[in-house]
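Reading through the structure tokens given below for one structure.
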Amino acid sequence: MYKLINPFIYTPVALLFACIVFTLLKFLDETSSFSQIPSNPWLVIPSMILISIDMVALGLMDIFVSRMFKSNYIKVPIFSAFTVYQIFILITIVVDEENSKETLQQSSQYYYSTYVFKLSSFYNDIMTIIGKKQTDDGASAMFGGLIQRSPGHWSVIFIGGGVTLIFIILCVAKQIFDMQKQKKQSISEPSSIQTSHSTQQDEREMSVLLVDNTKAKRVISKHRKSKYFLYYLTGFFTGLLIILFTVFMCTDTNQYKMSAPAHWNFYKSHLKPSFSTQRYLDQVANFRLQNPLQTGYDWIDQRSVPEYPTVYAPKKTVCAYNGNLSYCPNLLEPVQQAYDPPNIVVVIIESFTPSPLMIDTAVAKSSDSIVSGPLYKETYLPNLRALSEQSVSFASLSSSGLPTVFGWHSLITGELPYSDSLNMVQSIYNDVDDFPSFFRAQNYHTLYVSPSDFNFDGKHNWLLRGRPLKKKDPERLSEFPLWFDDVYQYFPTDQQAVQLNVDASKFKTWTPDRITSAQLKYHFDEAAKKGKPVLGVWATVETHMPFNGQDELKYYEPFKFGKGVEGNDKMKEKSDKYMTVAKYADHYIGDVIQHLKTTNNNTILVIVGDHGAREVPLFKDVFVDPKDPDSVHYDDSCNHQPFSNDQLFATSAVISYLGDNPTIKSNFAPLINKVIKAPTDHHDLIRTLYDFAEDATQKKLPSSRNGRNLMDLGKNLTTSTPLRKHWSLRATNLHSELATESTMYRYHSLGPYGQEFKGIYPTCVFEGEERPDINDGLYHQFAEYHRFFDYLQRNNKQFSYKFRNEACVYPAVCDFPENQKAFNRNDALLYAVIFAAGGLGLGILISLIGFGIIQCQEKRKQPKESIPDSTRAMDSMIQ
Numbered sequence: 001m002y003k004l005i006n007p008f009i010y011t012p013v014a015l016l017f018a019c020i021v022f023t024l025l026k027f028l029d030e031t032s033s034f035s036q037i038p039s040n041p042w043l044v045i046p047s048m049i050l051i052s053i054d055m056v057a058l059g060l061m062d063i064f065v066s067r068m069f070k071s072n073y074i075k076v077p078i079f080s081a082f083t084v085y086q087i088f089i090l091i092t093i094v095v096d097e098e099n100s101k102e103t104l105q106q107s108s109q110y111y112y113s114t115y116v117f118k119l120s121s122f123y124n125d126i127m128t129i130i131g132k133k134q135t136d137d138g139a140s141a142m143f144g145g146l147i148q149r150s151p152g153h154w155s156v157i158f159i160g161g162g163v164t165l166i167f168i169i170l171c172v173a174k175q176i177f178d179m180q181k182q183k184k185q186s187i188s189e190p191s192s193i194q195t196s197h198s199t200q201q202d203e204r205e206m207s208v209l210l211v212d213n214t215k216a217k218r219v220i221s222k223h224r225k226s227k228y229f230l231y232y233l234t235g236f237f238t239g240l241l242i243i244l245f246t247v248f249m250c251t252d253t254n255q256y257k258m259s260a261p262a263h264w265n266f267y268k269s270h271l272k273p274s275f276s277t278q279r280y281l282d283q284v285a286n287f288r289l290q291n292p293l294q295t296g297y298d299w300i301d302q303r304s305v306p307e308y309p310t311v312y313a314p315k316k317t318v319c320a321y322n323g324n325l326s327y328c329p330n331l332l333e334p335v336q337q338a339y340d341p342p343n344i345v346v347v348i349i350e351s352f353t354p355s356p357l358m359i360d361t362a363v364a365k366s367s368d369s370i371v372s373g374p375l376y377k378e379t380y381l382p383n384l385r386a387l388s389e390q391s392v393s394f395a396s397l398s399s400s401g402l403p404t405v406f407g408w409h410s411l412i413t414g415e416l417p418y419s420d421s422l423n424m425v426q427s428i429y430n431d432v433d434d435f436p437s438f439f440r441a442q443n444y445h446t447l448y449v450s451p452s453d454f455n456f457d458g459k460h461n462w463l464l465r466g467r468p469l470k471k472k473d474p475e476r477l478s479e480f481p482l483w484f485d486d487v488y489q490y491f492p493t494d495q496q497a498v499q500l501n502v503d504a505s506k507f508k509t510w511t512p513d514r515i516t517s518a519q520l521k522y523h524f525d526e527a528a529k530k531g532k533p534v535l536g537v538w539a540t541v542e543t544h545m546p547f548n549g550q551d552e553l554k555y556y557e558p559f560k561f562g563k564g565v566e567g568n569d570k571m572k573e574k575s576d577k578y579m580t581v582a583k584y585a586d587h588y589i590g591d592v593i594q595h596l597k598t599t600n601n602n603t604i605l606v607i608v609g610d611h612g613a614r615e616v617p618l619f620k621d622v623f624v625d626p627k628d629p630d631s632v633h634y635d636d637s638c639n640h641q642p643f644s645n646d647q648l649f650a651t652s653a654v655i656s657y658l659g660d661n662p663t664i665k666s667n668f669a670p671l672i673n674k675v676i677k678a679p680t681d682h683h684d685l686i687r688t689l690y691d692f693a694e695d696a697t698q699k700k701l702p703s704s705r706n707g708r709n710l711m712d713l714g715k716n717l718t719t720s721t722p723l724r725k726h727w728s729l730r731a732t733n734l735h736s737e738l739a740t741e742s743t744m745y746r747y748h749s750l751g752p753y754g755q756e757f758k759g760i761y762p763t764c765v766f767e768g769e770e771r772p773d774i775n776d777g778l779y780h781q782f783a784e785y786h787r788f789f790d791y792l793q794r795n796n797k798q799f800s801y802k803f804r805n806e807a808c809v810y811p812a813v814c815d816f817p818e819n820q821k822a823f824n825r826n827d828a829l830l831y832a833v834i835f836a837a838g839g840l841g842l843g844i845l846i847s848l849i850g851f852g853i854i855q856c857q858e859k860r861k862q863p864k865e866s867i868p869d870s871t872r873a874m875d876s877m878i879q
């Protein structure tokens with residue numbers, strides 16, 4: 001009789017058990033950041049049911065296929081592709097469960113496409129010098145830190161994974177052993193052989209063995225019943241799996257993602273969002289209602305069904321595209337005097353959140369939207385404090401996403417993070433309202449200094465846009481404008497190390513800020529000699545997790561909390577490390593500030609983080625400064641609620657003008673030494689820089705940056721003028737935040753779980769303030785708003801570079817871009833290769849181990865066994 005409980009079902013059962021354990025950990029266990037996913041814990045039940053159905057169906061198919069392909073001529077049984085696939089499902093689940101708690105993302109597909117298989121580079125790299133191979137200890141250090149901070153959590157994962165792997169190996173060994181045993185029994189049982197007749201058709205054909213009729217009927221009858229039962233069971237679970245999977249794929253909502261297996265979400269991420277015409281028009285109207293434009297601007301696409309609903313422009317340009325508007329005949333353009341454009345330097349600090357320890361106490365404790373005084377404390381960030389005293393600062397300025405693949409990309413391009421995919425990969429063919437090419441269109445010389453290889457995070461196909469292609473244009477890359485005139489990344493050669501007086505062998509994963517700051521100063525000075533205003537972008541790296549620093553230890557000033565500070569020792573250690581590298585970064589930012597003041601002071605300097613630190617959450621006991629009895633205390637609920645703290649999207653920014661141009665200085669004057677605490681974001685910052693350049697050149701270009709001028713915002717706050725209505729979205733796969741002009745609504749991307757309103761930064765100050773009532777309708781409204789941007793970006797309709805062509809504006813005859821196709825990268829084949837190649841290798845390895853175990857057992861048994869005469873006779877007949 002064929003038994004259902006056979007070795008082929010062991011592996012699915014083992015994997016099912018492991019998947020259920022990891023699913024429980026996702027909902028019920030805290031992470032190394034001591035945070036839980038703020039979702040409905042009851043989701044664990046449907047999640048386990050779906051995973052169970054998935055695994056049982058695959059397990060039954062595994063048995064069925066194994067029986068179909070079973071053959072006495074195959075000495076080593078086929079290690080089922082289903083089993084290998086299940087192993088990769090388990091790995092994907094573990095990766096996604098951990099990331100969903102650490103960074104509120106299900107990101108296995110991002111890692112596969114961005115890191116496992118590096119993205120193809122279409123452009124020729126320039127100004128890249130790698131003198132010595134950089135050590136890649138970043139990932140190991142981060143992973144080691146996670147294990148050290150949560151040994152119990154990771155012990156469960158490693159023990160469960162180890163036991164599962166051992167179990168699978170034993171299953172394979174059992175499969176091989178049973179099949180070999182069955183083969184021997186079929187040959188060595190003389191009672192089952194009555195007669196043998198040799199056919200005359202071909203001398204090479206084997207003898208046909210006749211089986212006793214009575215016994216054969218009994219065996220066949222039992223086998224047939226078992227076989228049919230297996231057919232029915234396999235069909236039922238497979239059909240149930242197909243129905244549930246189809247419903248999941250066709251349901252236009254994110255709420256079921258939390259319950260679905262990780263690989264289901266991967267497949268769904270490759271579907272493009274769809275909108276009916278009416279639904280689309282409703283969202284266009286809602287977007288324009290929630291984001292009214294500044295005076296003198298209008299939406300450029302005024303057609304009944306606009307293709308580019310988020311692009312706006314001066315009314316003169318709008319009239320060139322839509323000549324029948326009521327205000328066009330009598331439109332008068334304001335006349336303003338152009339002046340020498342200022343240089344612009346943007347310093348992007350890696351993972352920068354102004355923790356309460358760094359913020360001036362008076363600023364942190366104030367409940368006002370604008371406060372007088374510097375943002376930072378001199379004790380911890382002296383150079384940034386000195387700069388903020390002469391500038392306007394923004395305490396709650398946020399990125400649109402995290403980590404760098406979302407935050408950096410959104411800052412540079414203006415795209416919002418996809419709800420279920422990766423812009424850095426999927427949007428490489430999109431037209432975007434990026435600020436490098438915008439400033440080149442304003443006749444700026446643009447340069448970028450990077451601490452890491454351009455391939456890191458898949459940046460190369462963005463940073464090198466517009467350069468000559470090193471291979472045939474696969475789609476339309478040659479149409480894109482140039483981003484940066486100069487892009488620099490190098491790890492010093494031996495000769496350069498001597499010239500720079502550095503020991504490059506002691507550097508770690510990336511080039512430290514001490515070196516890249518020197519590179520920025522040198523290349524900026526060289527660019528300034530060309531007679532154009534310069535846009536310089538410098539990305540720092542020191543505050544990148546796990547906060548170990550990239551330079552020699554002698555350049556760091558170790559920070560330690562005092563013994564009197566209570567709190568979690570592991571978190572204090574992490575905070576010590578963060579403060580150490582933050583102070584190091586502050587020192588070399590100070591060098592750049594001083595250099596610009598003395599050599600190129602007609603410069604607007606921006607200091608901003610690419611996203612929050614997230615690894616240094618706001619814990620009340622840790623962040624009370626023992627030297628400051630008036631320091632801020634925090635609501636303890638922030639300890640375990642990731643939506644409550646400010647370490648994900650919240651970063652900060654300082655905008656300063658270092659020169660003497662009276663027009664620019666008058667713009668800054670009312671806001672010097674002021675801190676704006678109202679919600680702002682990266683797009684507001686870039687819109688402000690656009691306005692500085694356009695005011696100087698009087699060349700106003702269409703844009704899709706959904707941002708406000710921060711200088712105007714600050715002036716409205718100082719005069720108590722009502723703020724212009726504005727919606728700003730930031731998101732990960734699992735966490736979203738929609739900010740209005742005065743509040744922040746934080747919620748789970750996949751459902752109305754743990755949703756809450758927050759006020760000004762820092763939001764964890766315990767004031768007991770009343771908040772608006774929250775209902776599920778808000779979640780659905782904001783989720784639809786996010787899907788609207790997904791739809792535009794997936795279809796390449798958020799912007800078109802053709803709008804920057806001004807040749808048609810003054811004849812007032814412009815045509816809208818036509819047939820702008822969306823060339824979204826399709827990674828389905830890539831993942832198939834990953835799963836197939838990795839699975840095949842793992843399957844072969846486990847099969848070989850199992851086969852080796854059997855061979856060892858056979859050799860041990862061989863001296864004790866005798867070959868029956870009947871077996872010898874059978875062998876001679878076969879031969």
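Going by full-length UniProt numbering, the residue at position 786 of the sequence shown is 786; the numbering climbs one at a time, nothing skipped.
Note that beta-carbon positions come from the ideal geometry of N, C-alpha and C, so glycine has one too.
- Residue environment: Ile-166 is assigned as exposed (fewer than 16 neighbouring CB atoms within 10 Å of its CB, all protein chains considered).
- In this structure, the straight-line span from the alpha carbon of Lys-574 to that of Phe-559 is close to 11 angstroms.
- The C-alpha of Gly-401 lies about 6 angstroms from the C-alpha of Thr-732.
- Counting of Cβ neighbours within 10 angstroms places Lys-529 among the exposed residues, the total staying below 16.
- In terms of Cα proximity to Pro-329, the closest of Tyr-339, Tyr-785, Ala-386, Val-318 is Val-318.
- Assigned with DSSP and collapsed to three states, Ile-655 falls in strand.
- In this structure, the alpha-carbon of Ala-527 lies about 41 angstroms from that of Phe-788.
- A straight line joining the alpha-carbon of Lys-821 with that of Phe-803 spans about 16 angstroms.
- Assigned with DSSP and collapsed to three states, Asn-819 falls in coil, not helix or strand.
- Annotated three-state conformation of Arg-614 is coil, per DSSP.
- Within the same chain, Cβ atoms closer than 6 angstroms to the Cβ of Arg-705 are found at Gly-414, Asp-433, His-683, Ile-686, Arg-687, the five residues on either side in sequence being excluded.
- Val-425 and Met-249 have their C-alpha atoms spaced approximately 22 angstroms apart.
- Remark: C-beta atoms of Leu-384 and Val-592 do not approach each other more closely than 8 angstroms.
- Nearest neighbour of Asn-819 by Cα position, chosen from Ala-812, Ala-650, Ser-800, Ser-652, turns out to be Ser-800.
- Out of Ile-53, Leu-778, His-544, the CA that lies nearest to the CA of Leu-233 is found in Ile-53.
- A residue is called buried when at least 16 other Cβ atoms come within 10 angstroms of its Cβ; Arg-303 does not meet this threshold and is exposed.
- One alpha carbon belongs to Lys-725, the other to Thr-353, and they sit about 26 angstroms apart.
- With contacts defined by Cβ atoms closer than 8 angstroms, Leu-387 and Ser-437 do not form a contacting pair.
- Between the alpha carbons of Asn-461 and Leu-357 lies a distance of about 38 angstroms.
- Rounded to the nearest angstrom, the Cβ distance from Phe-406 to Pro-417 is 4 angstroms, consistent with a contact under 8 angstroms.
- In this structure, DSSP gives Trp-538 an extended state, which the three-state scheme calls strand.
- Leu-738 places its beta carbon less than 8 angstroms from that of Phe-782.
- Taking the C-beta atoms as reference points, Tyr-380 is found nearer than 8 angstroms to Met-579.
- The beta carbons of Val-541 and Val-347 sit no closer together than 8 angstroms.
- Closest by C-alpha distance to Ser-749, out of Gly-707, Gly-162, Ser-419, is Ser-419.
- Taking all protein chains in view, the Cβ of Lys-268 is crowded by 16 or more other Cβ atoms within 10 Å, so the residue is classified as buried.
- Rounded to the nearest whole angstrom, the C-alpha separation of Thr-697 and Lys-316 is 17 angstroms.
- Distance from Leu-535 to Thr-446 at the Cβ level is roughly 5 angstroms; contact confirmed, criterion being Cβ atoms closer than 8 angstroms.
- For Pro-314, the uninterrupted beta strand (DSSP E) run begins and ends at 312-314, by DSSP.
- Rounded to whole angstroms, His-735 and Ala-650 show a C-alpha spacing of 13 angstroms.
- Nearest to Ala-807 by alpha-carbon distance, out of Ala-320, Thr-295, Ser-656, is Ala-320.
- According to the DSSP assignment, Tyr-280 belongs to the alpha helix (DSSP H) that extends over 277-290.
- Between Thr-310 and Phe-287 the beta-carbon gap is near 7 angstroms, inside 8 angstroms, which marks them as a contact.
- For Gly-609, DSSP records a beta bridge to Ile-349.
- Within the same chain, Leu-375, Val-654, Val-675 come within 6 angstroms of Ser-393 by CB-CB distance, once the 5 residues on both sides are set aside.
- For Val-813, same chain residues with a beta-carbon under 7 angstroms away, outside a window of 5 residues either side, are Ala-320 in chain order.
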